[in-house]
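Below is one structure, written out as structure tokens; the observations come after it.
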Amino acid sequence: MKAMAITYSIVAPIYNEIDNLSELYRRVSEVMESSSETWELVLVDDGSTDGSTEKIRELAEADQRVRPVIFARNFGHQIAITAGWDYARGAAIIIIDADLQDPPEVILELAKKWKEGYEVVYAVRAEREGESWFKKFTAAVFYRLIYSITDVKIPLDAGDFRLMDRKVVDVLRTMRERHRFPRGMSAWVGFKQIGVEYKRAARYAGETKYPFKKMLRLALNAITSFSYFPLQVATYFGFASASLAILAIPVVAFLRLTGSQFFEGQATTLISVLFLGGVQLISLGILGEYIGRLYDEAKGRPLYIVREAPEE
Ligand code: UDP
Ligand code: MG
């Protein structure tokens, strides 16, 4: 049996979202039914341990349009999105969070822009509900930092919620880098892009799966994937402190010759040694971040391992 051509693939990465799944399915199908076009819902289970896996299978059994991709373990949000790109069959692919923070109703607005000819339609968070000030603050700083130091102009305040044309996703699928920042990758490829503002809702149920540590990881991946700036900082700093040292030689010599006591004592030496030692260790650490990633790439392991996935 040949499958009917599918217009929309909605992809949701899922990590322990048991209480959101029925509602996600209900809202997505309600919205998509109103569009009178063909669609599928790709649910990527990223190693859930709370029964989400069974729930996904149940939904898939009841409705052929639900396509379950079940990972062998937790690989992380970004990798789950990648698997979604790999398994989606639609002419337009929409990434959405499973917790209903990205309202499915917005999909139709994204689709409207797609029909006007845009190939990437990203949703911009004009407002965020039900998130702590800390989350909002770190998110705001993060987006602006990335924007200022990377070579790609990643849209401000846009998350992974976006619609992409099949040809964009086909390009992204050839980019198999391990430490990935999907929203940066989708900005990097070019094409005709546009943003649509929306109000980010509060989580429907459950708690965030992004503790501070994971956010920091994501930020580091974003920076190292798209910028050499941290590596260059060490160079700039090296030049600056070397210049300072060279300038200091005649100054100190002059003070000594004139009998000034200004640079006497070990404290000055100790402070400068500790300071430069610290700077060197930080530089080594930055190098390490890049080298570790290089090593991961060199190993060439698969990005993810599926336990169950739809055939074809
Ligand atoms: N998620 C995932 N794997 C993870 C962490 C999160 O697939 O390791 C999914 C999660 O189920 C949700 C989406 O990624 O659908 C966004 O996560 P979350 O809502 O916790 O992030 P936040 O909105 O708080 O930034
Ligand atoms: Mg969320």
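Residues 480 to 791 (my numbering) are what the sequence shown spells out, left to right. Glycine included, every Cβ here is placed at the ideal spot set by N, Cα and C. Treat the numbers as computed from the prediction; the structure is a model and nothing was measured.
- Residue side-chain check: Ile633 keeps its Cβ at 7 Å or more from all non-hydrogen atoms of the ligand UDP.
- The beta carbons of Phe733 and Ser704 sit no closer together than 8 Å.
- Of the residues Asn495, Glu768, Ser501 and Tyr597, the one whose Cα lies closest to the Cα of Gly669 is Tyr597.
- Residue side-chain check: Thr687 places its Cβ nearer than 7 Å to a non-hydrogen atom of the ligand MG.
- Judged by DSSP in its simplified three-state form, Lys632 adopts coil rather than helix or strand.
- With at least 16 other beta carbons inside 10 angstroms of its own, Tyr494 counts as buried.
- With a contact defined as Cβ atoms closer than 8 Å, Tyr689 and Asp578 miss out at about 11 Å.
- Taking the Cβ of Ile535 as the reference point, every heavy atom of the ligand UDP lies at 7 Å or farther away.
- Shown here, Val668 sits in coil according to DSSP, grouped into three states, outside any helix or strand.
- At a threshold of 7 Å, Ile761 does not count as near the ligand UDP, since its beta carbon sits no closer than that to any of the ligand's heavy atoms.
- Judged by DSSP in its simplified three-state form, Ser722 adopts helix.
- Secondary structure in the segment 584-616: the beta strand (DSSP E) runs of 3 residues or longer, each lying completely within the stretch, are 599-607 in chain order.
- When C-alpha distances from Ala788 are compared across Val545, Asp576 and Leu587, the shortest belongs to Val545.
- Considered as a whole, the segment 506-554 harbours 518-524 and 545-550 as its complete beta strand (DSSP E) runs of no fewer than 3 residues, in chain order.
- Sequence-distant Cβ neighbours of Leu782 in its own chain, meaning closer than 7 Å and more than five residues away, are Ile558, Thr561, Arg655 and Arg657.
- Taken in chain order, the complete beta strand (DSSP E) segments of 3 residues or longer contained in the segment 664-717 are 672-679.
- According to the DSSP secondary-structure assignment, Ala491 is paired through a beta bridge with Leu522.
- The C-alpha of Ser513 is placed about 13 Å away from the C-alpha of Lys591.
- Thr748 and Leu760 have their C-alpha atoms spaced approximately 18 Å apart.
- Sixteen is the threshold: since fewer than 16 other Cβ atoms of the shown chains lie within 10 Å of the Cβ of Arg505, the residue is exposed.
- Take the alpha-carbon of Leu697 and the one of Leu589: they are about 25 Å apart.
- Set against 7 Å, the gap from the CB of Pro547 to the closest heavy atom of the ligand UDP is not smaller.
- Taking the Cα positions, Glu584 is about 20 Å away from Glu496.
- Scanning Phe621, Leu753 and Lys615 for the CA closest to the CA of Ile702 turns up Phe621.
- For the set Val599, Met694, Pro547 and Thr528, the Cα lying nearest the Cα of Asp649 is the one of Val599.
- As computed with DSSP, Arg662 is found in no beta bridge at all.
- Beyond the five residues adjoining it in sequence on each side, Val523 comes within less than 6 Å, by CB distance, of Pro492, Val548, Ala559, Ala562 and Gly563 in the same chain, given in chain order.
- Closest in C-alpha terms to Lys615, from the list Leu635, Thr629, Ile765 and Lys778, comes Leu635.
- In the structure shown, Glu496 adopts coil according to DSSP, grouped into three states.
- Following the DSSP letters along the chain, one finds Phe741 in no alpha helix (DSSP H), marked with neither H nor E.
- Nearest Cα to Ile673 within the set Ala637, Gly526 and Phe613: Ala637.
- Residue state for Ile784 is assigned as coil, using DSSP reduced to three classes.
- For the ligand UDP, no non-hydrogen atom lies closer than 7 Å to the CB of Asn700.
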